[in-house]
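So the sequences go chain by chain: A and B.
Number 144 in full-length UniProt numbering belongs to position 144 of the first sequence; there are no gaps in the numbering.
Number 59 in full-length UniProt numbering belongs to position 59 of the second sequence; there are no gaps in the numbering.
Glycine residues also receive a C-beta, built at the ideal position from the N, C-alpha and C atoms.
Number of protein chains: 2
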Amino acid sequence: MISTTIENYIKAIFYLGETATNVTVSAVAERMQNSPASVSDMLRRLYEKGLIEDKNNITLTDQGSFLAKQIIRKHRLWETFLVKTLDFKWDEVHSIAEQLEHVQSSLLTERLERFLEYPETDPHGDPIPDKDGNFPNLSIIPLSEAEPGKSYIFRSVATDAKDFLNHLDNKGLQLGQRWVIIEKEEFDGSVKLLVDDKNEVYLSEKVAKNLNICSGQLD
Amino acid sequence: MISTTIENYIKAIFYLGETATNVTVSAVAERMQNSPASVSDMLRRLYEKGLIEDKNNITLTDQGSFLAKQIIRKHRLWETFLVKTLDFKWDEVHSIAEQLEHVQSSLLTERLERFLEYPETDPHGDPIPDKDGNFPNLSIIPLSEAEPGKSYIFRSVATDAKDFLNHLDNKGLQLGQRWVIIEKEEFDGSVKLLVDDKNEVYLSEKVAKNLNICSGQLD
DNA sequence: ATAAAATTTTAGACTAATCTAAATATTCAA
DNA sequence: TTGAATATTTAGATTAGTCTAAAATTTTAT
Ligand SMILES: [Mn+2]
Ligand SMILES: [Mn+2]
Ligand SMILES: [Mn+2]
Ligand SMILES: [Mn+2]
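Right, dumping it as C-alpha cells:
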C-alpha cells in the first residue's frame with residue numbers, strides 16, 4: 001500500500017517540518033534529490049492518500065506524522081543494532097539503515113528494541129521514539145548556543161553525513177564527553193573547547209551548529 | 001541496478017532449476033504468482049542483463065547463479081538471526097526474511113554471519129552458502145526414501161510454508177530429533193516413526209516427501 | 001504598482017513492471 | 001500426421017515514479 005518511495009518523502013517532509021517554518025516544494029526537491037516537478041506530482045498523491053493536510057500547506061496529517069515516526073524509529077533502532085551488536089562505526093550505518101527502515105513488521109521492530117534493551121538514543125545521540133511515536137525528551141541545545149565558561153555533555157549530532165562524522169572522529173570528539181567552553185568568537189561563531197579536561201579543540205560555527213549538548217551530568 | 005523484482009525472479013529460477021529438469025515460463029509464472037505474459041517479458045530483460053543463458057532454455061548464467069546464492073545466503077542468515085537472536089519461531093520468519101534478503105551491503109551480511117558464529121544451516125535446516133556461494137554438503141535424503149528399521153536424524157524441511165511448519169509443531173517434530181522408521185506403507189507411501197525413542201508418529205507421503213533426514217550421528 | 005525573479009504546476013514523455021486478450025508456436029494423442 | 005490442447009509471445013493498456021521544457025503563479029524589489 002505505502003511504497004518505499006512514499007515513505008522517503010514522508011520522512012523528508014517530517015524532518016523539514018522540524019526545522020523550517022513552512023515546508024516548500026523546492027526544499028523537499030532539494031532534500032530528495034528530485035526535480036520540483038516530481039515533488040509537485042508526488043504531493044498530489046500524498047494528499048490523495050491522506051498523508052499531508054493540503055497541497056499548499058505541506059504539513060503531515062496525524063497519519064503521515066505517525067508513519068514518519070515509525071520509519072525514524074526503525075532507522076534509529078537499526079543504526080543502534082549495527083553499532084552495538086555488529087560493531088559498525090557510527091559513520092558506516094546510515095546508508096544501511098536507509099534500507100532496513102523500510103522492512104515492514106512491527107513484531108520485528110519490537111523484538112529488535114527489546115534485544116537492544118530499549119535504547120533511548122541512536123549512535124548519533126538522536127532520540128528513538130517508542131512504538132506510539134513518543135520521543136524521549138533529551139533537552140539539548142546546539143553547541144553554537146553554549147555559554148562560555150560552562151560545562152556540557154556532548155549528546156548528539158544534527159546530521160549523520162559520513163564526511164561530517166569523519167571530521168569529528170579526526171578531532172577526537174565522541175558522544176558522552178564533557179566539554180568546557182573556553183571561548184566563543186563573536187565575529188565568526190567559532191568555539192574553543194576543553195574536551196574531557198585534556199585536549200583543546202577549535203570548531204567552526206558550521207560544525208558547532210550541528211553538535212548538540214546538554215548541561216546535565218553524565219548518565 | 002538490480003531491482004528487488006529481478007532478485008525475486010532470479011531466486012525463483014534458481015529454486016526451480018534445482019528440482020525441475022527444465023524450467024518453463026509457466027512454472028516461473030506459477031511460483032511468482034504472475035501471468036505467463038509478464039514472465040515472458042521479464043525473461044527478455046533478464047537475458048539483456050546477462051542473468052539467464054537464453055530465452056528458450058531458462059538457465060542462470062554464472063552471474064545469475066551467484067546472485068541467486070547471495071540472496072539465499074542473506075535470507076537464511078536473517079532467518080537464523082530472527083530465531084536465534086530475536087526469539088522468533090521457525091514458522092514466523094520466512095516473510096520477514098523475504099524483505100531482509102534484499103538489503104544490499106556485503107559488509108552487513110558478513111558481520112551478521114560472524115555475529116551468528118558462521119551457522120551452517122538456517123532454522124529449517126537449509127544450508128547457508130558462504131560468501132563465494134559454496135553450500136556446505138549436508139548429505140540428506142527425503143524421509144520418503146528412508147529404509148524401514150533404520151535410524152536417522154531429522155535435518156531439514158523442504159519448504160518453510162507456515163501451515164506446513166505448524167503441522168510439524170503439532171506432531172511434535174523438531175530438527176535434530178532421532179527418528180527410527182517403524183514401518184513404511186508401500187501402497188500410499190505413509191510412514192510410521194519412533195521419535196526420540198518416545199512417541200510414535202504417522203506421516204502421509206505428502207509430508208514425508210518434504211522432510212529431509214541424514215543417517216549420521218547428531219552433531 | 002509593476003516588472004523581474006523565483007517558485008510551482010502542467011504537459012508530454014520515458015522506464016519498469018504488471019495485466020488481459022489475441023496471435024503463435026509447440027506438444028501430444030488419435 | 002494432423003487436429004486439439006497447451007504453452008508462449010506479442011499487442012496494447014495501466015500504474016508509479018521520474019524527467020525536461022513550458023506555462024502559470026507567487027514573491028520581491030525597484
Ligand atoms: Mn541515519
Ligand atoms: Mn542516526
Ligand atoms: Mn524462508
Ligand atoms: Mn529457511
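| In chain order, each alpha helix (DSSP H) run of at least 4 residues that lies wholly inside the segment 114-176 of chain B | 162-171
| Cβ-based contacts, 8 angstroms cut-off: residues of the segment 70-88 of chain B near chain A | Leu82, Thr85, Leu86, Asp87, Phe88
| request: Run the CB neighbour count on Tyr152 (chain B), radius 10 Å, all protein chains shown included, and call it buried at 16 or more, exposed below. | output: buried
| task | Report the three-state DSSP secondary structure of Trp90 (chain A) (helix, strand or coil). | result | coil
| query | What does a CB cutoff of less than 6 angstroms around Ala208 (chain B) pick up in its chain, not counting 5 residues either side in sequence? | reply | Leu143, Ser144, Val191
| query | Around the Cβ of residue 222 (chain A), are there at least 16 other Cβ atoms within 10 angstroms (buried) or fewer (exposed)? | reply | Because chain A is modelled from 1 through 219, residue 222 (chain A) falls outside the range shown and cannot be assessed.
| Rounded C-beta distance between Thr109 (chain A) and Arg73 (chain A)? I'm assuming under 8 angstroms. | 7 angstroms
| query | Under the criterion of a Cβ to heavy atom distance below 7 angstroms, does Glu79 (chain A) qualify as lining ligand 1? | reply | yes
| Interface residues of chain A around Ile128 (chain B) at Cβ under 9 angstroms? | Residues of chain A passing the Cβ test: none, with the nearest at roughly 17 angstroms.
| query | Is the beta carbon of Arg44 (chain A) within less than 7 angstroms of some heavy atom of ligand 4? | reply | no
| task | Quick one: which residues of the segment 91-107 of chain A get their C-beta closer than 9 angstroms to a C-beta of chain B? List them in chain order. | result | Glu92, Ser95, Ile96, Gln99, Leu100, His102, Val103, Gln104, Ser105, Leu107
| message | Between Ala97 (chain B) and ligand 3, is there a pair consisting of the residue's CB and a ligand heavy atom that are separated by less than 7 angstroms? | response | yes
| said: ligand 1 and Asp160 (chain A): does the residue's C-beta get closer than 7 angstroms to at least one heavy atom of that ligand? | reply: yes
| message | Does Ser156 (chain A) pass the burial test, meaning 16 or more other C-beta atoms within 10 Å, or should it be called exposed? | response | buried
| query | Closest to Tyr118 (chain A) by CA distance: which of A:Ser139, A:Asp130, A:Asp126 is it? | reply | A:Asp130
| field | Which of helix, strand or coil DSSP assigns to Ile182 (chain B) | value | strand
| With 16 other CB atoms within 10 Å as the buried threshold, where does Asn199 (chain B) fall? | exposed
| Alpha-carbon to alpha-carbon, Ala158 (chain A) and Thr19 (chain A) | 11 angstroms
| query | Run through DSSP, which three-state label would Asn57 (chain B) get? | reply | coil
| query | Anyone know if the C-beta pair for Leu77 (chain B) and Leu51 (chain B) falls short of 8 angstroms? | reply | no
| said: Please confirm whether Leu168 (chain A) has its beta-carbon closer than 8 angstroms to some beta-carbon of chain B. | reply: no
| Other residues of its chain near Pro127 (chain A): CB distance less than 7 angstroms, five sequence neighbours each side excluded | Glu120, Thr121, Phe135, Pro136, Leu138
| query | Ile213 (chain B) bridges to which residues according to DSSP? | reply | B:Ile141, B:Phe154
| said: Taking 8 angstroms as the limit between beta carbons, can you name the residues of its chain near Glu7 (chain B), skipping five residues before and five after? | reply: Leu67, Ile71, Glu101, His102
| C-alpha distance - Arg178 (chain A) paired with Leu194 (chain A), whole-angstrom precision | 8 angstroms
| said: Distance cutoff 8 angstroms, beta carbons only. Does Phe66 (chain B) sit that close to anything in chain A? | reply: no
| said: One question on the structure: do residue 249 (chain A) and Phe164 (chain A) come within less than 8 angstroms of each other, judged by their Cβ atoms? | reply: This structure cannot speak to residue 249 (chain A), because chain A is shown only from 1 to 219.
| query | If you compare alpha carbons, which of A:Leu43, A:Glu30, A:Ser38, A:Ser35 is closest to Ile10 (chain A)? | reply | A:Leu43
| task | If I'm right that Glu79 (chain B) touches Pro123 (chain B) with Cβ under 8 angstroms, what's the distance once you round it to whole angstroms? | result | 5 angstroms
| task | Starting from Leu112 (chain B), find everything on chain A with Cβ-Cβ shorter than 8 angstroms and list it in chain order. | result | Leu86
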